Amino acid sequence: MMTCAALLIVIGMAVSSAAAVEVQRPRGVPLSKRQFYEENKPFTCLDGSRTIPFDRVNDDYCDCRDGSDEPGTAACPNGSFHCTNAGFRPTFIPSSRINDGICDCCDTTDEYNSGAKCENTCKELGQKEHEVLQKMAEITKEGFLLKQQLIQEAKNRQQEKQSKLTELQNNKKELEEKVEALRTVKETAEQPEKEAKELHLKAWEEQKAIIRAEKDKAKMAEAFLELDDDADGFVAVAELQTHAELDTDADGTVSETEAQGLLGGVDHVDTASFEKVWDNIKDKYVSESQPVEPAPVDTPPEESNKLADNDSEQYPSDDDVQEEEEEDEEEDDYPEEDFDKAPPTVKTPPKKDEDEEAMPPYDDETRVLIDAAQKARDNFEESERALRDVDDQMKNIEKEISFDFGPDSEFSYLYSQCYELTTSEYIYKLCPFNRVSQKPKYGGSETNLGTWGTWAGPEDNKYLLMKYEHGTGCWQGPNRSTTVKLTCGKETTVMSTSEPSRCEYLMEFTTPAVCQEPEAVISSLHGHDEF
Amino acid sequence: MAAAFNERMGLLLGLCISLLLGGSWAVDRGNFKTCDQSAFCKRQRALKPGQSPYRALLDTLELSDSRLTLQLINDNNKVHLLLELYRLQGNITRVKINELKPLKPRYEVPDVLVGDQPTEPLSVLSQDDNGVVLSLGAESQRLIVSARPFRLDIMEGPEVLLSLNSRGLLAFEHLRLRKDTQADPEGAEVKENVDGAEQQDEEQKAEDGGKDKEEDGLWEETFKTHTDSKPNGPTSISLDFSLPGVEHVYGIPEHADNLKLKTTDGGEPYRLYNLDVFQYELYNPMALYGAVPVMLAHNAQRTMGIFWLNAAETWVDISSNTAGKTVFGKMLDFVQGSSETPQTDVRWISESGIIDVFIMLGPKPSDVFSQYASLTGTQSFPPLAGLGYHQCRWNYNDQDDVKAVDQGFDQHDIPYDFIWLDIEHTDGKRYFTWDPEKFPQPKEMLHGIKDKRRKMVAIVDPHIKVDSGYKIHSEIRARDLYVKNKDGGDYEGWCWPGNSGYPDFTNPEMRAWWASMFAYDKYEGSMENLYTWNDMNEPSVFNGPEVTMYKDAMHGKWEHRDVHNLYGLYVHMATTDGLIQRSGGTERPFVLTRAFFAGSQRYGAVWTGDNAAEWDHLKISIPMCLSLGLVGISLCGADVGGFFKSPSAELLVRWYQTGAYQPFFRAHAHLDTPRREPWLFGPENTALIRDAIRQRYTLLPYWYQQFYQAHKTGQPVMRPLWVEYPKDTATFTIDDEFLIGQDLLVHPVTEEGARGVTAYLPGQGEVWYDVHTFQKHNGAQNLYIPVTMSSIPVFQRGGSIVPRKVRVRRSSDCMENDPYTLYVALSPQRVAVGELYIDDGHTFNFQTKKEFIHRSLTFANNALASRNLFPESNFSTDSWIEKVLILGASKPNKVTLQMDGKETSVEFEFEASMSVLTLRKPGMNAGADWTVVLQ
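Going line by line, the protein sequences match chains A and B.
Under the numbering used here, the first residue of the first sequence carries the number 3, and numbering increases by one thereafter.
Under the numbering used here, the first residue of the second sequence carries the number 115, and numbering increases by one thereafter.
In structure tokens, the structure reads:
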């Protein structure tokens, strides 16, 4: 039978200095609650639910629903035991840890009847904690100073950014005006340029028509001579009949009637009358000095090359007219605005008959106009570019300003910086407010472990955790994400990374920006002792 | 753990990706055979009933004291079979059928039966030309052997209990020479597909236009890209059983299906073939990780069992019928009554081996459990800690992670006993090693856990990385103990480590060597609080047919085909032996296995494999573990929370609440899922999970006692209601609630968003007490119970006494000396009985030195008494009785304790609204004799 008669015990309490004070109270009761446990007076459960004789306090049977009658035994499932832990910090442990064979209190008071061999380690722990806290305090102190600097710098930077923004805003206004002004200048310069160019073009068209007519005449004369086989100065029906390509009813031969029809109902024509006949046959006529052309569909290879070179046009059916037509078409097809930038002479590839066929260069007057227009255009474009630049700069600054850099912008110095940590396998990179990534140390592509999401610390200080989300997806799993835990440190460094859950990374990061005011730390240092 | 691939593995094992990725969240059925795709199943299933070619040659009958032999002949091919009949102690009949003169020996399953089966005399009651009538000892049970066609009927009085070959589906494919290599000595079998099917076969051929084509798959068969060479040709066996009067059959795990087996007419048969099924589907008869070829048949009058001792691929067809429809022998006509008697017909088909059937005749469910236990042994008695809560995950990343999780439990005041390490703890999936980066100081870690009186399990799988620098591999190779492929070289397949060898665990030498590897000086970094988990022991082979080994791989002289379903049992056996041996035989082992067979209960725990975080998977955990319990495997659990996918907080909480009341209570999660330790779902859910786990710990004395009973008697711990209420037909199909022992009824909440559950409380004239409120309810009713998120509907049977330890601590070990609270729930007759079992919780001393306390607790005539059940036992405990709650009591005037000849008065409180009498601190030692009298 085990009834632990652990009623009142004398607890020797040593303050770290020396002076020992003896205070009597039931086992496991903190000093602050001593008054509720008055010896030999009925005990009322702390929740007021019932009153029991005092000898039932710590009698190893749970009478109170709140467990308050058994502060020093494991009888109540919801009880708690107070370890004084003189020399270290006092603490409460669940009463289920009393006499469970495991040393929980550094002063060994939780294992008074279990046979567990516990050693009092409070002094050591206290010392160690003191050292740790002192070190922390030092770090905090220095860190906090650094933080003040960071805040000052952030302020300056913010002011800088703000004034830069204002400057840019002004700049922008000016630039917008300038753009408008230059647009007018450009349009003004382009009007005479356009007119001069059109004039020049028209003259060239007329010139070309004359040249073409002359060419046609020469061809006709040549054909007449060719057709006039007997050189009698007349082209006769029989003579036409030798030219099967002139066949009109598609039977492959030119019959007498057909030939007569072509000659305008007569048997022969002279040079003068041939002019009319020529109009009818010149499209089909094949010079006797040339080999018969293959069917037009069979494109000779060099033609397709040419086509490619010429940026494609409707496929020409006749080699003779091809080049000429091409030029015409090209010129006709150029829209006005293109004309501005690229005069046809520049763009058309050189050809055999170039000299004869090409448009003559602009006259000096026109050229002056073009140069003037071009300059206006360049100026206008440049001003537009400048405006865009300013816009971009403003957007960047506005974006930066929109980030939550902490109550005093102490985190703003992290912006657009990156911090790396190399482990045995990977190089981890944290670019605060941007992204976290991982790259295999020995080659391989970078994996996005998340892009900036939000501050995610506890309610009382959300700036202790950063959350980066929507990284590269995991096989059959979520997208990678990273939580960055910020702790106070003099340096700004990534201390460690881990992957506690698949594709959920944890990064520990020190920065002065989270260092607390040292007073707060010191007061917590001294706040444990009961006295 | 799983056959799932994480990214890294996927990259490494491109080979296997196509096998298992699939991309969807359901099993890829195409990876696994249907009966039609398994040549022998297809052949056998094509047989039609009522045309048995087998005839008993009565003149060959020989009867020794306990053994009857008789030859059977297949009239189609003249092949002789030898029938052996044994009467085994405890109302069991064993029927063995083998070839009289097989070309070479056929496989007979070793190592599953325990000891020698004591036999009882058989005697011939009568004999004539038509058959023989044998007496089966007492109870007017007779066995009737009919000659033409051959059939066996077991009768009790005028009733047929069970018939064999009553549908004529006995088929025994005898060993033969391949006719394309050698002239067939028996011309008769040219046209045969399954022995005895000649006639039908001919009919079929006539229909096919006389194509004289040999049936495919006799000497070779191909599934997907895998070819099975089948050097022995067709070897399958089949036998049918008729169960007149039976409508409910159970057992033959492992299937993700309801407790009551369904008829398989027009569908797939239930398949027994240990397979690593990736993301298995529910409510179908596909084979899973383990196989126990035991079926229970039950009706309101009787429970029987059929144990088909065969380790080859097996298919079971079930159909319901009426008794009148089957063809009975003439001599039985007079005993058959109404033709409307319902009947269940069962047919077993196995690919090789012999017919070796144990017919367990009950008649009570508990008798069948005892009978089966006498054949294959009982549940191993786990260390007490094994019944606590287990925290697992694939994977705890490193030692710091383990430490942090351990501390997390303390910070949140949640008890646990075991933390588990999955495959990532090893050095490159080399089992028995530790990752030097992540687990550089395993002993330091284990000491840290030991300091909290907790334990660890590390995984040791049976596939061995082929790596000459790996000691385990080079030794197995040097000793030539690997499974061989058909050409005689070491078989190699892909698994977690990449190319792997598979030790031949069927070889006793291999098992002994393996066991020796668990010695503390062999298994570096291990110590006494490190236990073991065997996964992937189906065996799982990522690039093998159906994710397992080729059937023509060789285990000594036997094909893998013959031993497949035994492989996992042997791995488990060898590991368990290792853990016993490392302590010099004093400490009880704890080993979890995924693959199992009949007899696996002797080696430890089983879980239901790689389930998923879905409500239906939570629901199915109940019938899956119930089915295992019926066939001896009581230490069963499902991954709490679900292995694949991520549970909602509600599902996780409900799963903890359910798991807390199932035997093996372990949370587990896939590598790719978010962390889910109990405190990661907000304070409310943490509190709910804490409460569920704490309920488990308060009941550990009861659980422990149940497992002691299971170990002693073979009774299941987690029981379907019909086991305790066999005459109550309303219980026969219930599988959403269950009993723990006979005294606690649990109806966990397994529906999302549930506002209430309807529990069936069995027992006409009985009462049940809500364990949380002590409210009393009558039995034989459906009770609607409104639920909240904190509800776990549990009832204690009126008439029972349940011991608890209500001081829940960090681990079960920490609670060793804590006092007991007795919950005495009175029956309407104001009586109650219970037991209390105590020992050291971890050694075999309870067995070897009788160091235990086993007491009966009885409440009758207003007196509660504790009496020693085993006066010769000796054990002392510091535990005492701190409180007794008597539910359904009336207020006494006085309560006295009588002990050691002295009488002292005991304080009490009476709570009238619920009629609960609480005895305050009676204080007697838990091992003492005492009586408390209410006056």
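The beta carbon of each residue, even a glycine, is placed where N, CA and C say it ideally should be.
The structure presented is a predicted model; accordingly, all values stated were derived computationally and were not measured.
Looking only at Asn388(B), Pro777(B), Leu357(B) and Thr455(B), the smallest Cα-Cα distance to Met418(B) is reached by Leu357(B). In the structure shown, Ala1003(B) falls within a coil segment according to DSSP collapsed to helix, strand and coil. Per DSSP, the continuous beta strand (DSSP E) segment holding Leu978(B) begins and ends at Ala977 to Asn982. Ile468(B) is not bridged by DSSP to any residue. Of Leu242(A), Gly266(A), Gly103(A) and Leu265(A), the smallest CA-CA separation from Thr255(A) is found for Leu242(A).
Beta-bridge analysis with DSSP links Trp994(B) to Asn1039(B).
Contact annotation: in the stretch 771 to 789 of chain B, residues whose CB is within less than 8 Å of a CB in chain A are Leu785, Asp786, Thr787, Pro788 and Arg789. The closest CA to that of Met903(B), considering only Gly867(B), Val920(B) and Pro917(B), is found on Gly867(B).
With fewer than 16 other Cβ atoms inside 10 Å of its own Cβ, Gln1049(B) counts as exposed. Under a 10 Å Cβ-count criterion, Ser925(B) is classified as buried, with 16 or more other Cβ atoms of the shown protein chains found around its own Cβ. Shown here for Asn931(B): same chain residues with a beta carbon closer than 8 Å to its own, the five before and five after excluded, namely Thr991, Asp992 and Ser993 in chain order. In the structure shown, the three-state DSSP call for Val279(A) is helix. Cβ neighbours of Ile351(B) within its own chain (closer than 6 Å, five residues either side excluded): Phe286, Ser464 and Ile469. By the Cβ test, the stretch 531 to 548 of chain B is in contact with the stretch 606 to 625 of chain B, since at least three Cβ pairs between them sit closer than 8 Å. DSSP places Leu227(A) within a helical segment (H, G or I) once states are collapsed to three. Separation of the CB atoms of Leu423(A) and Val496(A) is rounded to 4 Å, and the pair is thereby assigned contact status at 8 Å. Judged by DSSP in its simplified three-state form, Pro797(B) adopts helix. Among the residues facing chain B, Gly459(A) is not included, as its CB has no counterpart in that chain under 8 Å away. Checking the DSSP bridge columns, you'll see Glu121(A) has no partner listed. Inclusion of Cys928(B) and Gly103(A) in the CB contact set at 8 Å is warranted, their separation being smaller than that value. Close to Asp565(B), with beta-carbon spacing below 8 Å, are these residues of chain A in chain order: Ile104. The beta strand (DSSP E) runs of length 3 or more contained entirely in the stretch 368 to 399 of chain A do not exist; there are none. By the neighbour-count criterion, in which a residue is buried when 16 or more other Cβ atoms sit within 10 angstroms of its Cβ, Arg220(B) is buried.
Between Glu471(A) and chain B, the shortest Cβ-Cβ separation is not below 8 Å. Taking 8 Å as the cut-off, the beta carbon of Pro815(B) is found no closer than this to the beta carbon of Lys963(B).
By the CB criterion at 8 Å, Phe704(B) and Gly500(B) fall inside the cutoff. Closer than 7 Å at the C-beta level to chain A, one finds these residues of the stretch 914 to 931 of chain B: Val920, Arg921, Val922, Arg923, Arg924 and Cys928. DSSP assignment within the stretch 416 to 495 of chain A yields no whole alpha helix (DSSP H) run of 4 residues or more. Using a CB distance below 8 Å, the part of the stretch 499 to 522 of chain A facing chain B consists of Ser500, Glu501, Pro502, Ser503, Arg504, Cys505 and Glu506, ordered along the chain. Leu289(B) has its alpha-carbon roughly 17 Å from the corresponding atom of Asp342(B). Closer than 8 Å at the C-beta level to chain B, one finds no residue of the stretch 386 to 408 of chain A. Contacts with chain A at 8 Å (Cβ-Cβ) do not include Asn988(B). By the Cβ test, the stretch 384 to 400 of chain A is not in contact with the stretch 366 to 376 of chain A, since fewer than three Cβ pairs between them sit closer than 8 Å. Close to chain A, meaning a Cβ-Cβ distance shorter than 9 Å, are the following residues of the stretch 509 to 527 of chain B: Asn511, Asp512, Asp514, Asp515, Ala518, Asp524 and Asp527. Residue burial is scored here from C-beta neighbours: His731(B) has at least 16 other C-beta atoms within 10 angstroms and is therefore classed as buried.
Rounded to the nearest angstrom, the Cβ distance from Lys841(B) to Ala411(B) is 15 Å, too far for a contact under 8 Å.
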